[in-house]
Structures are given as structure tokens and as C-alpha cells.
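First residue of the sequence shown? That's 1 in our numbering, and the numbers climb one at a time after it.
The C-beta atom is built at its ideal place from N, Cα and C for all residues, glycine as well.
Worksheet: the structure to be examined is printed underneath.
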Amino acid sequence: MENVEQAAPHVDCWLADLKHTNEQKFLEWAQGSLKRIKANFQKLAPIAKRIVIRVPVVPGFNDTEAELADIIDFAASLESCNEIHLLPYHTLGINKYRLLDMPYLCADKPLSNPELLEYAQQHAKQYSHMNVIVRG
């Protein structure tokens, strides 16, 4: 984090992924520490000019209203975060896994739930500083 603190005054915008806010589910899918990721966000927020959180929305992983609401609520708690990009899951990586002879453990169909993405945008409106953008 020391290097980040030194770089922060020179960085206009930090782009960072946040895939989930539930430690157990994050551990199962990403095999990493969500606690550490959240702590890093909380350390960065007071010194960053701007943070944009990118959320790949994956069927069966983080595609419920409650899960997206938790992610938005966490992002809204970070003073320098005013934007979230929801990235609907696609299947463009399936062939890469086949070429590498690796199992593809995610869904084999793209996210097709515009109502969920609309819900997330509406949920964010309770925070006057938060904007949710759906990218495709």
C-alpha cells in the first residue's frame, strides 16, 4: 500500500474490480481474500481523487438484487467513489479455456437480465453522488 500512497496524488482515476462483498462466496469463486481487497479500498478512498469500481455481473455468482445492492452500498461508502460500471457477463473467454485445455467453470450463456441491471441503477439513486453505468 505504501507505493499506492506515493502514487495517489499523481493518479486522476483508479479503475478497480469488485466482484462480491460476501467473503465466503468470494473465496469460493476467486480463491482470494475479500477482506484484504475491502481494506485496500478503504485505505485508498481518502487519498484517491476518483475511484471507478467495475463489477463483472456473473450468473450464479453475483447476479441477485441483494448482491448488487451490497456492492453498490459498499462503493457508496467510499468517499472518492462516485461511479460503478456493471459489466454483464459474456462468454468470449470460453474458447480460450478450451485452447488452454482448462475447465471453464462459469456459465455458458451471457447474462440476460435487463431488469436486474435496471434495479441496480435505481438502487444507486438513493446515493446522490453514485452513478451506475451498464457497459456491454
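Taken in chain order, the complete beta strand (DSSP E) segments of 3 residues or longer contained in the region 59 to 120 are 81 to 88. For Ile37, the uninterrupted alpha helix (DSSP H) run begins and ends at Leu34 to Leu44, by DSSP. Rounded to whole angstroms, the gap between the alpha carbons of Glu28 and Phe41 is 21 Å. Here the C-alpha atom of Ser128 lies approximately 17 Å from the C-alpha atom of Asp70. Sorting Lys19, Lys49, Leu78 and Lys38 by C-alpha distance to the C-alpha of Val11 places Lys49 at the top. In the DSSP annotation of this structure, the continuous segment of the alpha helix (DSSP H) that includes Ala7 starts and ends at Glu2 to Ala7. Assignment of Leu15 by DSSP, reduced to helix, strand and coil, places it in the strand class.
Going by beta carbons, His90 and Pro110 fall inside the 8 Å limit.
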